[in-house]
Amino acid sequence: MATNENLPPTVIKQLAKELKNLDETPPEGIKVVVNDDDFSTIFADIEGPSGTPYENGVFRMKLLLSHDFPHSPPKGYFLTKIFHPNIATNGEICVNTLKKDWNPSLGLRHVLLVVRCLLIEPFPESALNEQAGKMLLENYEEYARHARLYTGIHALKPSSRSKTGAITESTTALNVDQTNTVLSNSKVPLAPTALSTSTASKGTAATGLDPNVVISGPTNEPATGPAAAIQKKEAPNAAAAAKSQVDKKKIDARKKSLKRL
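Below is the structure:
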């Protein structure tokens, strides 16, 4: 449902003009999301300023305009989790521009710029997040570490994520390529005793030998290639020659027995 009717027509007209201007010429590091049906809630994406713990982060915030705007200030909330002294854990923003220093003549552009400047220079003296405020005053490095951690988890830019993934994948691929190159260029000879389990089992089954018995010498290496073919071809011939010699001896013995008779 459109809720623009909750605002006076003159305010709607002024807001429409200002939102169009913000869309066409956005402030540095700020992108306003325009909803023509509801001007009472203004969304904006704020980039973390460089040199701060919020760098490389994008933070979504919203401004809620009451029915008596601009006589009363809008209420600001961060929808993206952030570790900051002036931003409560529920996202509420504490800044003087939205409180005692509010002026009806101030436009949305000014408000958004003040909120972004708050990321550059926090005010721990008026902290809504007491832990962040105390840490900022006592140990800036620890505060910055916490803020960077929140930024990396909740607000990291999509482009930063993809770049990080691309670098990781490239590094992994590079390591794999280097490993393959080292292996392919290596001139270290392989161990001559690298026999597969299947080959060993086949040899044991064929010879009937105990696999636990170690046989030394060349008989421990099965013949392969042309030598194996020659051995297979000569084996039947040797058996036939031996049988022929035995038969000849039997015949000679019979001849001797007949002569005796």
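Going by the UniProt record's numbering, the residue at position 45 of the sequence shown is 45; the numbering climbs one at a time, nothing skipped. Glycine included, every Cβ here is placed at the ideal spot set by N, Cα and C.
- Cβ neighbours of Leu7 within its own chain (closer than 8 Å, five residues either side excluded): Leu15, Phe39, Ser40, Leu65, His67, Phe69.
- Counting other Cβ atoms within 10 Å of its Cβ, Tyr143 reaches 16 or more and is therefore classed as buried.
- Take the alpha-carbon of Ile12 and the one of Asp36: they are about 10 Å apart.
- Using a C-beta cut-off of 8 Å, the segment 19-36 makes no contact with the segment 70-82, since fewer than three inter-stretch Cβ pairs fall below that distance.
- For the 8 Å CB-CB criterion, Tyr150 and Lys62 do not form a contact.
- The three-state secondary structure of Asp23, taken from DSSP, is helix.
- Looking at the backbone, the Cα of Arg60 and that of Asn139 are separated by about 27 Å.
- Under the DSSP assignment, Ala44 falls in the beta strand (DSSP E) whose first and last residues are 41-47.
- When C-alpha distances from Pro85 are compared across Asp23, Glu47, Ile120, Lys157, the shortest belongs to Ile120.
- Going by C-alpha positions, Leu112 is about 21 Å away from Asn4.
- Straight through space, the alpha carbons of Val95 and Val115 are spaced by roughly 8 Å.
- In this structure, Thr52 is the residue among Leu19, Gly107, Thr52 with its C-alpha nearest to the C-alpha of Cys117.
- For Pro124, same chain residues with a beta-carbon under 6 Å away, outside a window of 5 residues either side, are Pro85, Gly133, Leu136, Leu137 in chain order.
- Note that the C-beta distance between Pro27 and Arg109 is below 8 Å.
- For a cut-off of 8 Å, the C-beta gap from Lys157 to Asn56 is around 6 Å, short enough to register as a contact.
- A buried status is given to Glu47, since no fewer than 16 other beta-carbon atoms sit within 10 Å of its beta-carbon.
- Classified as exposed, Leu79 has fewer than 16 neighbouring CB atoms from the shown chains inside 10 Å of its CB.
- Look at Lys99 here: in three-state DSSP terms it is coil, with no helix or strand label.
- Rounded to whole angstroms, Leu19 and Lys99 show a C-alpha spacing of 22 Å.
- According to the DSSP secondary-structure assignment, Phe78 is paired through a beta bridge with Met61.
- Annotated three-state conformation of Val34 is coil, per DSSP.
- At a Cβ-Cβ threshold of 8 Å, Pro122 and His71 do not count as neighbours.
- If you compare the alpha carbons of Ala127, Gly107, Asp101 with that of Ile93, the shortest gap goes to Ala127.
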